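Visitor: What follows is a structure written as C-alpha cells; I'll ask about it next.
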Amino acid sequence: MDDQNRNLILATALSMLVILVWFLLFPPPEEPPAPQTADSTAISDTGTAEPSLSPAADPALTEAPAEVGAPTTEAAALEDAPRVAIDTPSLEGSITLYGGRIDDLALKNYRETLDPASPLVRHLTPVGEANAYYALHGWIALSGADPEAVPDDSTIWQIESGETLTPDAPVTLRWDNGAGLIFRKSFAVDENFMFTVTQSVENTSAADVALRPYGQVRRHGEPDTIGFFILHEGVVRMSDGTLEEIDYDDVPDLSAEDGRVDVETNGWIGFTDKYWMTTLIPEPGSEFRSVARFAGGIYLTEAVYPPLNVAAGQSVSAESQLFAGAKEWETIRNYEAGREIGSLGESFAYGLGFSDATGIEGFIDSIDWGWFFFLTKPIFWLLHNINAGIGNMGWSIIVLTLIIKAMLLPLAYRSYVSMAKMKELQPEMEKLKERAGDDRQALQQGMMELYKKNKVNPASGCLPILLQIPIFFSLYKVIFVTLELRHAPWFGPFQDLATPDPTSIINFFGLLPWAAPVPGSIMSLVFIGILPILLGVSMWLQQKLNPAPTDPTQKMIFAWLPWVFMFMLGGFASGLVLYWIANNVITFIQQYAIMRSQGYKPDILGNIRGGEEKKPDKPSDGKK
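Just so we're aligned: the sequence shown equals residues 1336 to 1959 in my numbering.
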C-alpha cells in the first residue's frame, strides 16, 4: 500500500471515529419526560444566615421572599384577578394584578410549526396551566416594617396609570399596605423582549423602614426539554464575567451555598431553553445576590438587591430589567452593547464578545456556543451577515462553504501538490518495495529518504480533512442551537434547515401520494432523503480522483465509506448535510485542478470502471 492511500485511509478512519464517538456521546434526543405537577410545598428560606453583599450591607439577612402558595389556590385567584394587556411588535400577553406577575406572554414572530396557522410560541404561562412559568418582583421587610405589610406574590395590585403596556405607554401598579407604606410597580417594555421594572416605596409613616427588593423567575415542574447532550437547558447566569450553566437535573442537588452567588458589579440569572430565555438583569455596575434553587416541584432563579433605607416622609426606588423572549443573536448582541451597532467591524467585535460593551455584560453568551466557541461565534457571524445580503439561508450556507474553502486553500494547495508528487514517485516506490522485500525497516528508511530528497510530506494529505472536523462540529452547533436557523427555508421541500431532510426514498421524494417516515424513526434512518444520497454520491466521486487500493480489504473499506456516511448523516440537520455536499464538490474541483496543474491527470472514469492508471514501462532486466 502506497503512502497516499495510507494517508487517505488514516484520515477517513479518523473522521469515522469522530462521527462514531459523536453518536455515542450525543445520542438522538430522548422523549421528553412527563411534566411534573407542583405540589403545595412552599419555597422557603434555607434557614441559614445569608452572607452580606458587601461589608457595608446588613449582615443579618435571614428573611426570604414571599412563599409560593398552593397552585390550586393560586389558579383560582388568577382566574378572577384583573389583567393588564401587553402589546408590542414582538410580544402579546398580559400582566396579572394577582402578585403583579408577568405570566402570560406569546412571541408574535414565532409559531410552533411551519404552518402559518399554527399557534404562536407561548413563552410564559400562569399557574394552573401545565408547566407554569412566570416572573414576579417583590420586597423583603428588614427593619421597621411588618413582614406581612409588604407585597408578596399573592397581593392584589391596583392600576394607577396606563391601560395597555406598549413600547410607548408604560403601566404603573399601586398597593397601599394601610400602615403607612405605599408600594408601586412600574413596567416599561421595548420593541423586542426587554422589560424595565421599577419598584418604589413611599413611606408616609413616622418611622424609618429598611426594605430589600428582589426579582424571581419560577418554573413549576421540569419543562419539556430537547434533552440533547450538546445543548444546555436550565439555569444560566453571569457573575462578574463568569458564565455558569446548571442543567435542570442538577438544580435539586444544589446546596444553599452552591446555589447562591454574591455578584459585585455585573451579572444576570434566569432560565434558558434552546431558543427562548427569561432572565433577571440588575442594573449594570450594581451588586446583587444571585440564587438558583428548587423546592416543592418549583425551579426558581432569583436576584436579591441591596437593602434600601426609607426615611419617614421619603420615597425610594429600584430599577431592574427582565428579558423574556427569543434568543435572537442580533437583539441580544445589541443589549450587550448597550447601543445600536453601526459599522461591520464593530458588529463583528460585539458579535464575538470582544468588546468594551456598556450594556449587559456577557449577554451574547446566553446563546450556547459550545466548546468550540472560538470557531462557532465567527462562523455564525459570517453566516448571519451572508444571509442578511442573500436572504436565503440555504444559499448562504453554500456561500459560507466557499469562503471557508477559500480560507483553507493555501493548506489544501500544499496538500494536493504533495499528493501529486507522491503519484510521480510511485514507480520509484515500487522499486523500493521490490528491493526491500520483507525487510520493512529498510523499506521505511528508503521511503523516508525518497520523501526527503523530493521534499514530499506524506502527512500533509490528512491536514485538510482533520481541519474540517472542528469546523464541521462548530457548524453543527450553529445550525442546532441558533434561532436564526429555526424554520429557515432553502427551496421546495427544504423549509427548515435545522431539521433532517424531509424527503424520502419511500415516496420517491414526494412524487408518490403517501407521507415520508416520521423524522427520528427507524424508518427515516433507512429510507433517507435526497440530500444524504447526494452526500454519498459526492463522497464517492471525490474518492474516484485516485485509483482504488490494490489490497482487497482496503478496497472494500473505500467502497463502503461513502454509503456508510450517507446513512450515518441522514438524520442530521439538512443545513449541515448541505454544507458537507458543498464542501465535497468544492474539494473535488480544487483537488482536480491542483493535481492537473502539477502535471498529473486523475483518471476518474478509469477509476470508476475499476481500472488503474497505466504505469510507465519499466526497463527489462531479464526477469519475468
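We put the CB at the ideal spot given by N, CA and C, even for glycine.
Being a predicted model, the structure only gives us computed values, none of them experimental.
1. For the stretch 1879-1921, which segments carrying the alpha helix (DSSP H) assignment without a break, of at least 4 residues, lie completely within its bounds, in sequence order?
2. Does ALA1661 pass the burial test, meaning 16 or more other C-beta atoms within 10 Å, or should it be called exposed?
3. Could you check if MET1754 is buried or exposed, using at least 16 other CB atoms within 10 Å of its CB as the buried criterion?
4. Assuming ASP1575 contacts THR1600 under a Cβ cut-off of 8 Å, what Cβ separation, rounded to an integer in Å, is found between them?
5. How big is the Cα-Cα spacing for PRO1424 and LEU1508?
6. Who are the near neighbours of GLU1485 in its chain, counting only those whose CB is closer than 6 Å to its CB and skipping five residues on each side?
7. Does ARG1554 come out as helix, strand or coil in the three-state DSSP assignment?
8. Within 10 Å of its beta-carbon, does ASN1918 have 16 or more other beta-carbons around it, so buried, or fewer, so exposed?
9. Which runs of the beta strand (DSSP E) spanning at least 3 residues fall entirely within the stretch 1588-1651, listed in chain order?
10. To which residues of the same chain is LYS1740 closer than 6 Å at the C-beta, ignoring the five residues directly before and after it?
11. Just to confirm my understanding: we take LYS1790, look at its own chain, exclude 5 residues before and 5 after, and list those with CB closer than 7 Å. What are they?
12. Cα separation between PRO1394 and ALA1908?
13. Within 8 Å, do at least three Cβ pairs link the stretch 1889-1898 to the stretch 1714-1724?
14. Kindly provide the ranges of any alpha helix (DSSP H) runs that are 4 or more residues long and lie completely inside the stretch 1758-1812, ordered along the chain.
15. Label ARG1944 either buried or exposed according to how many other C-beta atoms from any shown protein chain fall within 10 Å of its C-beta, with 16 as the threshold for buried.
16. For GLY1562, decide whether its Cβ has a neighbour in chain D, counting only Cβ atoms nearer than 8 Å.
17. Just the Cα atoms here: how many angstroms apart are ASN1942 and ALA1441?
18. Output the distance between the C-alpha atoms of ALA1545 and ALA1416, rounded to the nearest integer angstrom.
19. Buried or exposed: which applies to GLY1686, given that a residue is buried once 16 or more other Cβ atoms fall within 10 Å of its Cβ?
20. Which stretch, first to last residue, makes up the alpha helix (DSSP H) that contains SER1859?
21. If you follow the alpha helix (DSSP H) that TYR1670 is in, where does it begin and where does it stop?
22. Could you say which of GLY1632, MET1728, ARG1553, PRO1548 lies nearest to HIS1822 if we only look at CA atoms?
23. Measure the C-alpha to C-alpha separation of THR1577 and TYR1786 and round it to an integer number of angstroms.
24. Starting from the Cα of PRO1867, find the closest Cα among ASN1842, TRP1915, ASP1774, TYR1610 and give me that residue.
25. Going by beta-carbon coordinates alone, are ILE1814 and ALA1833 separated by less than 8 Å?
26. Give every residue of the same chain whose Cβ lies closer than 7 Å to the Cβ of GLN1926, excluding the five residues on either side of it in the sequence, and list them in chain order.
27. Rounding to the nearest angstrom, what Cα-Cα distance links GLY1435 and SER1540 in this structure?
28. For LEU1566, I'd like the list of residues in its chain whose CB is within less than 8 Å of its CB, leaving aside the five on either flank, ordered along the chain.
Guide: In this structure, then:
1. 1887-1903
2. buried
3. buried
4. Taking a contact as a CB-CB distance under 8 Å, the pair ASP1575 and THR1600 counts as one, their CB atoms being some 6 Å apart.
5. Looking at the two C-alpha atoms, the distance is approximately 23 Å.
6. The question names Glu, but residue 1485 in the sequence shown is Val. Closer than 6 Å at Cβ, skipping near neighbours: TRP1474, ALA1476.
7. strand
8. buried
9. 1595-1598, 1602-1607, 1611-1617, 1623-1630, 1633-1639, 1643-1645
10. Shown here for LYS1740: same chain residues with a beta carbon closer than 6 Å to its own, the five before and five after excluded, namely ILE1921 in chain order.
11. For LYS1790, where only same-chain residues beyond five positions count, there are no Cβ hits under 7 Å.
12. With a pLDDT of 34 at PRO1394, under the threshold of 50, the modelled position of this residue cannot be trusted; read the value that follows with caution. Roughly 53 Å separates the two Cα atoms.
13. no
14. 1761-1771, 1775-1789
15. Counting the other CB atoms within 10 Å of its CB gives ARG1944 a total below 16, which places it among the exposed residues.
16. Of the protein chains in this structure there is only one, and it is not chain D.
17. Rounded to whole angstroms, ASN1942 and ALA1441 show a C-alpha spacing of 58 Å.
18. 30 Å
19. Residue placement at GLY1686 cannot be trusted, given a pLDDT of 46 that sits under 50; what the coordinates show is reported in the next sentence. GLY1686 comes out buried.
20. That run of the alpha helix (DSSP H) goes 1857-1861.
21. 1664-1672
22. Taking only the C-alpha atoms, the option nearest HIS1822 is MET1728.
23. 50 Å
24. TRP1915
25. yes
26. Correct list, in chain order: TYR1751, LEU1880.
27. 24 Å
28. Around LEU1566: LYS1609, ASP1703, PHE1815, VAL1816.
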